[in-house]
Structure formats: C-alpha cells, structure tokens
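Protein chains in written order, with my numbering: chain A, 1 to 577; chain B, 1 to 315.
Below is one structure, written out as structure tokens; comments come after it.
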Amino acid sequence: MTEASRQDISKSSARNIRLLDGIAETFIKAILQFVHHSTLRYQWMRYLPQTSDYPWDIYWGSLLEKIRYKLQEVSVLWTRSHNHLRPIKAMRRLNNNMLDEKEDPLFPDSSPERYLPAEYSAADLNNLNNYGLENMQVSEFLDKVGLDLDKGSHSIIKASTTSDDWHSRLAEFLISVPQSHSITIKSLGIIPLVGGEWKSFRDHPIYYSHVKEHPIPTDLGLKLVDPRAEKNLQRKRLFDFLSVKTQDISKVRRLILDKYAIPLFHNDFDRILTTSRNHLVFLYLTAHLDMANDWVESDCYRYRRPYTDLVYFSDNKPYGAHDLFQAIESIDHNKESQKNVPGLDVSFIHPQYMETPPSQPKGENRSWRTWLRDMLYIRDFIPIFATRGGIYVPTYHLSDQCHYVAEHRPEKLLGFLLEYWKESEYEKIDKTAREKLTRELMQVKVPCENGTKYPLGKTYLPIDEHKQRARRFIEDTEFFPWLLIEASLNNDASLSRLQVLATKFGFGYPKSDLEFYLEILRCIRLSNFRTFNLKNEIKIYELYGLIEVHYRYAADKDRCRRQIEYAPPSTIFIHKF
Amino acid sequence: MLNPDKTKFFSLSQNLYNSSARFVFELLQNADDNSYSRAKASSTDPYVSFRVYNRRIVVETNEDGFNYENLVAICNIDKSSKSGAQGYIGEKGIGFKSVFMVAWKALIQSGDFSFYFQHKKGDTGMGMITPIWHDAENDLMPNHVTRVTLFLHDSISADNMKTTLRQFQEIESTFLLFMKNLKKVYVTMYDENDEQRTFTTYSMSRQSSNLHVVDLKTEILKNGALEEYSKHYHLTRGIANDLSMSENRKYTKDEISRKAYQMAEVVLAFPLDAKSIPIIQPQDLFAFLPIRKIGFSVELHTELLFPYSANKCSC
C-alpha cells in the first residue's frame, strides 16, 4: 500500500505533536514488558531508534528525543548478579583492560551494583551509547583499587592465591592510564615488600630485591620488593613506573660492613650465624664488582681475633685441622691402641659457612673458600715450624700444632709433615735454625711397624731393598725400627714424596752400610737379651765379619772406628758358656 | 424516507472522487468497527471474507447483524452510530460510501435485512443513501453472516480495476495487528470464468506462553499448493493523553462534552522471529492504515491526522 498513497501525516498539527508523547510512553511501557522476558531482556535495545539509522525529520526526530528522555527515568538494565533492575545511567560498561582472562571484572561489584551481566552483547550495549550508557571511568576504577587495598585479609591484590595473570592485567591497566591519574596511582600502597608489607614509594624509597642478580640481604634496613612479584614482567614495569630503583652495589656492601663496625652481642647465635653467612655470601658474590671495597672487617665476624687466634676450615680432609686436632673419646678402655685424646684448642669456622657454598661468579677468580681464607684469615695451612721473638732475629721451633700431633697423634705425624712441608719456606730459614729444628723433629717418637714408639731420626722407611738386606739377619719377630706408614700414605706417590722428605731431614735410610749393620746388630741384641740361639750366633758372627770388612776397606778408618766404638755397648756379644 | 440536504450530496460526491483509492481498507475498517459479541461468546474468531469475482466483490463478516440504528447511520452522511470519536476513519462522513467509486450497486444482506443502494455516474447521489429492498428468496444466506455484494461498474477503467485488485493482493497479515476485533481475513480471487484462482487466509492468534506476543499466519492456496508464512510480534498498547481536537473532523456535542477527543490509542508491534529474537527492519507506520515506512523498526499505529487536500480531480 505504500506506493499507492502519497499522503503523509500533517506534522505541524498540535494533536499530532502531542501524540508523540503517547507513542514514547507506550514504547517505554513495552520495554518494561521486555525486561521480564527471558531473552528479550538482553536484546530489546535493538528496537531503539538511533539518530544515525535514518534521516529523521524534526517531527520524528523529536520522538527519538522523547523516548531518550523518558528512558532515563526507568530501571531497564539488569545487574550482573541478576538481582536488580537499574536505570541506564546507574550502570557502567567495563573496558577490556578492567577484565580478567575469563572476561569477568577484576574487582567485585560495589553496592549499589553497577556491573552488567555478560549476557548483554557488546553490539547490543552499543545501541545504548546514545541513551546514556557510559563506560566506567578510570577514576572510578582506581577507587576500586584503593578500596581493595584497604580490605586487609580480603584484598585480592594482597592475597597469595591471586594469579599471576590477574596481577599482570591490573599492572597493565595502571601503567596505561592517562597522566592525570599518575599522582593517585603513585600513592597506592601497591608494592609488595619482602616481609609482607605493602607500601607506596611515597612512604619510603623502595628498591628491587636483587642487584646484578645477587639477592640483597633483607636485614639491612632497605625496603625491598618481594622477588616473586618482580618476576612478573608487567608488574616490574609498574614498579618502574612507581619509582622503584635498583640499589648500588657499593651502597649495599657499605651497609653490610657498617653492621659490623661495632662488635655483635650474641643473644641469638643461630640467627646471627645465618645472617652473617648471608652477608658474607653477598660480599663474596659482588666482590669483583666493587674491587675498591673488597675487604671485610673480620674482627667482628667471630669471637676470636684473626691474627692471634687461629681459625681453621672445618672440612674433613685428611691431615686437615679437623682431622688432626679434634678430641677423640676412647671407645674401649681395654684396647691399647685407643685412648682418650684431648683435642687441641683451636677455632674452626662454623660448618654452616661451608655448606652448599655459593658458586664462583663470572668475573671472580677466587673460590668461596679462597675468598674467606683471604678476607677472614682462615687457615688452610698448619705450620710445622713457628717463630717467636723479634722481627730481626726470629727464633724457630716446632709449632704447637706439631707438638700436639707428635704427642697425641704421632701416627699422623708423617702425613702431617708430608702435607704441610714447604720446601720454599724451609729454605728461607737460616742453616743454624734449620739444624735445630731438624734435631727437634728427629727426636719425636713415632710408631714403628710393631707398635713401639721410636725417635723419628732413628727410624727407617720400610723400603723393600732395605728390608730384604735386613731380613738376612733379622727375624720378623725381632724389632727393627721400620716406620709405620699409615694406610692413606701407602701408595707409590706418597712413598716417593716421603723419601724426598726423609732425605731432606736425614732420617729413614741408612747413611752407610756400616751404620746399617751396626743397627741390625743392636736390634738383634736387644731382642735376644737373655736367649741363647745358635742361629743367632751364626748371624752375629757374620755381622761381625761384615763390619770388620767394612772397617778394613773404609776410606775413613778413623771415623769408622769411632762409629763402632760408639755403638751401643750391648752390641758386643758375649758368648755364655 | 429521509430528507437529505441536496447541496451536501454534491460536495459529498465531489469529496468521494478526490480521496485516494483505499476503499479496501475502509471496508476492513468498517468490518472491524462492527460488534462481534455473538461470535466471541461462541469462541469463534471474528472474520471478514472477500471474494473478488470478475464483475463483483462479495464481503462477508460474522458480525452481530444489522439493526435499525445501523441502517439509519448507513443512510446518513454526517451522523454515525459507530463507536464515536475514537476509531472513526474516513472523516467527513464518507466511510462506506466510498465503495461507489468502484461499484454502482451495493447489496447488503444481514439477518432479516436485505436491501441495496445504487449510484451510477452522473446520478445525484441520492441513491447512496436510499435503500431499496431486495427480495432474498433465491438467495439464501447462512446464519449469522452479514454479506455486502458490490456490483462493479461496467465502465470501470482497466487501470482502476488493476488498482483495486492490487489493493486486495497487498493486504498483509500485519493489518490484523491494529484491528480491534477482526482475527481472520479471507481473500479469494476468481478468474474471468469465476473459477477460484487463489485462496488466502490471514490470521492472528495470541501465544499461550507469552500473552504479549501474537502470531500472524498467512496461508496461500494456489494451484493446489499451500504456502505458509508466519510473523510474530510483541504488542504493547498505550494511551496518548491531553490531545487537542482534530481539525479534520467534526465532533458531536456529546463527544465534545465527554472530551473523548483527548485520548487516543497507541499500539506498538515489535517484530520477533520464531525464537523471540528481535527482527530489525524499517517497519510501517499505521494510522488505521499503513501510511509509509518511517524508519522505525516497530510497527506503529495511532490516530494520526491526514491533511485533507482539496485538489480537484476528475474521475
């Protein structure tokens, strides 16, 4: 019918104009019916006339205006909880950056509710843009952030269960707001610190928890960001925006050193131990980055003073301080070989320092152990000799440690000597002092193979060649001062080193055949003090013969004679009839 | 017999030939304006049926039937017994009489009444308001049916005929939306040999699950095949208040004192698909009749005023 008629309504008629009000009211009435329909409640806005749809003239255009005006006064939109209908102007659309990954709002709705249900499609909500539907303002959303932070244990931001993705999204939002809101954001207490507090940088300067990837000790009075939060890239960008900075390495080191400027009071030993270890680790790891300040006030790190009190590493290496100096309680009082050994009173660095040592950082050429040794004067080395006295004329003697080993752990003496003998150090000592030291050392009684203790100087290394020669004359049951070599030293390498050492000190080997025979003779005599044995007699005569031959062919007869004469008297065998 | 004023007839016939050819809608409106209390009481849908033959058109409804007051009204130019200021189309007293644009004789049969009016071109116009009794013995009527048979002018131009036929074809089920009573419209078209060509039913019913929603159905039977179309609308009725008087019509003293003109009905029909999803397309504006598409996606019907043009037209 539309083409047939060219007539249109008369638009200037007062009645027609007034009819528009009735039409607008009926339209609103229809919408109020739609909001109770199960699907139309989310779609009715498609019927709303839009200015852009059609070239409305003034008459019909005014109908749009009337509809728009009357629509403001009624409640036509459902809240997200589906519990209430509210007017358009009371509701807010959320931007994408206010939503989480499931497109739910980052923060819960407030009261009165403003969020729209997801059943409203974006296209349908767009139809309400010209009818007063607004998006949530940045300032309104920031209010929600502030509200959440004030909720204490109910805060989403502060909850440990909140996902990383959630935090990323909130951080993105905060970074992207226009500058006019920067001040508000910077005063939010939204930075999580080590220790659980939440602060804004306005309260204190805040620093990142690591410097050059090394964790900063948390007890230096610095406000540090919780490292787990830093791992999140967006949150890190947010923290940058909030003026969190990375502290200087040298400043941190200074703070650590300052802590030890005065001696510690030790009420809580365990805690101090742990923190001191943390501090030392940090100093070690960053030493190569701050070489000018690579030192440690070692006095205050332990209860002993570095120069005068010896502190050793406490590892269990053989012939280390721990091995040698610890006290041993005898298990079985009957056993001869074991008895109570009092320890030597030395200090050891607490084992906790050495447990799981920090790995050597790139750019640092000292190991943890080396650095500790250098910084805190921890001893790795047990001296065999010690000096006493003035700078100019020091006197040398065997060290206390050496005396301790000699007295209480003589079985370890050889190993001890082998471990700590330094050719270069020995050479520095002048000849007279050296001879004195050697004499001292040679007097130390060490265990021989059969258990007897014998002065070191008079012992012999149990080298096969010598042993064979001796066996011609000496029974195995008879005593000969063969040195007892500990199992750990009984290998070719150690034995050859022992030989070198023995040569230096002049023990363990026969200086001449004559001496050797004399010694053999003496030992036979000692072992057979009261017995009469024909076999022995033959050996003795043989020995006499050998000795005589040596004398006869000796280059220096005088010396030879003196040697025989000064041999212990019991070498003269008296045949008893 | 009644004594009409002669001068009025001329202006009447003048007016007749000046208005547009929308007489099918006027027939519909007339049909809707009747009362259907008997049909409603027996739960029958009020209907109107058009049978369009070569030279005649037969209109039937199941209205309550003519009575004396109806007769007086139909014979009078200015007065009307129908519902009054509201719901009156074809102001200026034309209404039913516009059928004489296409017909020379209108035979009305209803209950015990059986009479006709006659007006040929050049006639004074008296025939339009002078009923002549028609003997109905051969022409038996079914019960409770009112029938109007329009005998078309021989001289009706091909163009006019085309226009008329087109008006029937352009009936849409949406016309039912704004009817007060009618629920069904039947249109049967016959060819020149009076054989049935198409039979179309337009019907409207309310959904039981949602009383705001009506289903409109169009069923077309053609060449033995049946086509069906459905449309669905959510209907909301409202009232416009505080209206001033219409310039285009005269009100009775009674209507003026009751201030009946102050209110007008507004009906909005929102198109939905079968799943109750909104259908968004420009829809018609109706003021009792469809006027034009105005860009709303809602069908709108209310009493809007037409300018009454005084153009001359020779018909």
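Glycine included, C-beta positions come from ideal geometry on N, C-alpha and C.
Run down chain B in chain order and give the residues with a C-beta less than 9 Å from the C-beta of residue i.
i     : result
A/Q43 : S276, I277 and P278
What in chain A is Cβ-close to residue i, meaning under 9 Å?
i      : result
B/S244 : S13, A14, R15 and R18
To the nearest angstrom, how far is the alpha carbon of residue i from that of residue j?
i      : j      : result
A/E519 : A/Q563 : 11 Å
B/V48  : A/Y59  : 36 Å
A/D558 : A/D513 : 16 Å
A/I17  : A/N97  : 45 Å
B/E228 : B/K222 : 11 Å
B/I89  : B/Q29  : Caution is warranted here: a pLDDT of 35 is assigned to B/I89, below 50, making its placement in the model unreliable, and no coordinate value can be reported.
A/E565 : A/I384 : 36 Å
A/G132 : A/K89  : 6 Å
A/G61  : B/E63  : 41 Å
B/L182 : B/K162 : 26 Å
B/Y53  : A/L116 : 60 Å
A/E134 : B/T201 : 48 Å
A/R15  : B/R206 : 32 Å
A/D315 : A/A406 : 22 Å
B/T218 : B/S230 : 6 Å
B/S203 : B/K184 : 4 Å
B/S244 : A/I23  : 16 Å
A/I156 : A/L242 : 20 Å
A/E537 : A/L521 : 11 Å
B/H153 : B/R147 : 19 Å
A/H204 : A/L193 : 11 Å
A/R148 : A/Q137 : Strictly speaking, residue 148 of chain A in this sequence is Asp, with Arg absent from that position. Cα to Cα, the separation comes out at about 17 Å.
A/T432 : A/T395 : 10 Å
Determine the DSSP secondary structure at residue i, reduced to helix, strand or coil.
i      : result
A/T286 : helix
B/G111 : coil
A/I88  : helix
A/E134 : strand
A/R559 : helix
A/H210 : strand
B/R147 : strand
A/L441 : helix
B/F117 : strand
B/A31  : helix
A/A159 : coil
A/S276 : helix
B/K293 : For B/K293, the predicted structure reports a pLDDT of 49, less than 50, and the residue's modelled location is therefore unreliable. A value from the coordinates is still provided. Correct three-state label for B/K293: strand.
A/A47  : The residue asked about is misnamed: residue 47 of chain A is Tyr in this sequence, not Ala. Looking at A/Y47 - three-state DSSP - the assignment turns out to be helix.
A/K199 : strand
B/K217 : strand
A/W482 : strand
B/E197 : Correcting the residue identity first, residue 197 of chain B is Arg in this sequence and not Glu. Three-state result, B/R197: strand.
A/P383 : coil
Regarding residue i and the ligand NAD, is the C-beta to nearest heavy atom distance less than 7 Å?
i      : result
A/G195 : This structure does not include the ligand NAD; it has no bound ligands of any sort.
Please list the partners that residue i has in chain B, where partner means a Cβ-to-Cβ separation under 7 Å.
i      : result
A/E25  : G238
A/G61  : Going along chain B, no residue has its Cβ under 7 Å from A/G61, so there is no contact; the nearest lies around 10 Å.
A/Q179 : None at all; the shortest Cβ gap to chain B is about 42 Å.
Distance cutoff 8 Å, beta carbons only. Does residue i sit that close to anything in chain A?
i      : result
B/A264 : yes
B/L165 : no
B/H326 : Absent from the structure is residue 326 of chain B, since the part of chain B shown begins at 1 and ends at 315.
B/N241 : yes
B/H212 : yes
Could you confirm whether any beta carbon from chain B is found closer than 8 Å to the beta carbon of residue i?
i      : result
A/Y584 : Because chain A is modelled from 1 through 577, residue 584 of chain A falls outside the range shown and cannot be assessed.
A/T161 : no
A/L71  : no
A/K29  : yes
A/T39  : yes
A/Q33  : yes
Given that residue i touches chain A, what residues does it touch there, using C-beta distances under 8 Å?
i      : result
B/L268 : I23, T26, F27 and A30
Does residue i get closer than 8 Å to chain E when you measure Cβ to Cβ?
i      : result
A/E425 : Absent from the structure is chain E; the protein chains it does hold are A and B.
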